[in-house]
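Here's the structure we're looking at; comments come further down.
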Amino acid sequence: WSWNHQSEFYGDVHCYLYDSDNWDDTLYQSPRFMSEFGLQSWPSAMTMSSVFPEEEWSYSSTMSKERNHHPNGQQQMLQQVAMHFHLAEACDPKQARDCPPQKMYSGWAMQLWLTQLNQALGYKAEIEHFRRIRTDCSDSVPGCNLGRMYWQTNDIWQGASWASVDYTGRYKMVHYFVQNAYAPVLISADGSALHNTFSLTMI
């Protein structure tokens with residue numbers, strides 16, 4: 011029994027790594043129970059184009075900014091994607107001659123897809139970290155994680171969110187990844203060029 015709900019030794023920890031490299035598991039906590047963690051992503055361009063007019067088909071458009079209610083969420087997703095990938099080539103809708111609808115849509119669709127890829131790989135890394143420490147702990151070392159829940163499963167509208175299933179019922183990429191990460195038997199490869207480490211764990 012603890013008054014500190016964020017204590018790794020007692021559980022019910024919440025953790026959101028918006029400004030960090032979410033592939034680096036040395037940044038993760040090792041709680042007995044992680045009741046809330048997550049990353050934002052956008053639904054597919056197919057989902058968003060049903061509510062965005064053509065002139066708003068841009069990651070930096072007014073509607074994109076207004077549909078993300080998480081403070082600084084747009085920039086945080088860009089920053090995280092840029093840690094591992096090249097950002098999609100932007101197309102300025104105001105430059106109609108250089109930015110026909112097909113080019114505008116494809117650049118926008120790629121950027122939305124990259125936010126989903128970042129979210130999926132981040133959830134995979136974090137869930138597998140928690141599963142690898144299932145039996146590792148002591149009175150002085152946190153760990154022995156007995157459960158973890160990502161926030162969240164479903165969306166209430168078409169917009170940027172932490173959800174793994176968008177408003178239309180379409181799976182985002184992360185929904186497929188977590189099915190594997192939560193599988194009863196899992197081979198988890200973990201490595202870091204930065205920390206010069208590699209391990210292979212059967213869970």
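First residue of the sequence shown? That's 11 in our numbering, and the numbers climb one at a time after it.
In this text, a Cβ means the ideal position worked out from N, Cα and C, and glycines have one as well.
### Task
Could you please give the first and the last residue of the uninterrupted beta strand (DSSP E) stretch that includes residue 136?
In this chain, residue 136 is not harboured by any beta strand (DSSP E); it is covered by the alpha helix (DSSP H) spanning 111 to 142.
### Query
For residue 23, which residues does DSSP report across the bridge?
Bridge partners of residue 23: 44.
#### Entry: Start-to-end residues for the beta strand (DSSP E) that takes in residue 158
158 to 160
### Message
For residue 193, report the span of its beta strand (DSSP E) as first-last.
### Response
Premise fails: residue 193 is in no beta strand (DSSP E) and is neither H nor E.
### Task
Grab me the residues of residue 59's own chain with a C-beta within less than 8 Å of its C-beta, minus the 5 sequence neighbours each way, in chain order.
67 and 115
### Message
Quick check on the burial criterion: 16 or more other C-beta atoms within 10 angstroms. Buried or exposed for residue 41?
### Response
So residue 41 ends up on the buried side.
### Message
Out of 47, 73, 86 and 79, which one is the CA nearest neighbour of residue 139?
### Response
47
### Task
Sort 17, 12 and 13 by Cα distance to residue 155 and report the nearest one.
17
### Message
Could you compute how far the alpha carbon of residue 65 sits from the alpha carbon of residue 122?
### Response
16 Å
### Query
DSSP puts residue 181 in a beta bridge; with which residues?
175
### Query
Can you name the start and end residues of the beta strand (DSSP E) that residue 209 belongs to?
207 to 212
### Task
Compare the C-alpha of residue 35 against each of 134, 148, 81 and 43 and name the closest.
134
### Message
How far does the alpha helix (DSSP H) with residue 74 in it extend, from its first residue to its last?
### Response
72 to 77
### Task
State yes or no: is the C-beta of residue 180 within less than 8 Å of the C-beta of residue 54?
yes
### Task
Ignore the nearest five residues each way along the sequence and tell me which others in residue 87's own chain have a CB closer than 6 Å to its CB.
Excluding positions up to five away in sequence, the list reads 50 and 125.
### Task
Note down, in chain order, each residue of its chain lying with its Cβ closer than 6 Å to the Cβ of residue 173, except the 5 sequence neighbours on either side.
162, 164 and 165
### C-beta atoms of residue 85 and residue 128 nearer than 8 Å
no
### Query
By Cβ distance, which residues of its chain are closer than 6 Å to residue 147, with the 5 residues on each side in sequence left out?
153 and 154
### Query
Is the beta carbon of residue 78 less than 8 Å from the beta carbon of residue 169?
Residue 78 is a Cβ neighbour of residue 169, given a cutoff of 8 Å.
### Task
Check whether the Cβ atoms of residue 98 and residue 184 sit closer than 8 Å, and answer yes or no.
no
### Task
Report yes if the C-beta distance between residue 117 and residue 92 is below 8 Å; otherwise report no.
no
#### Entry: Residues of its chain near residue 145, where Cβ-Cβ distance is below 7 Å and the 5 sequence neighbours each way are ignored
154
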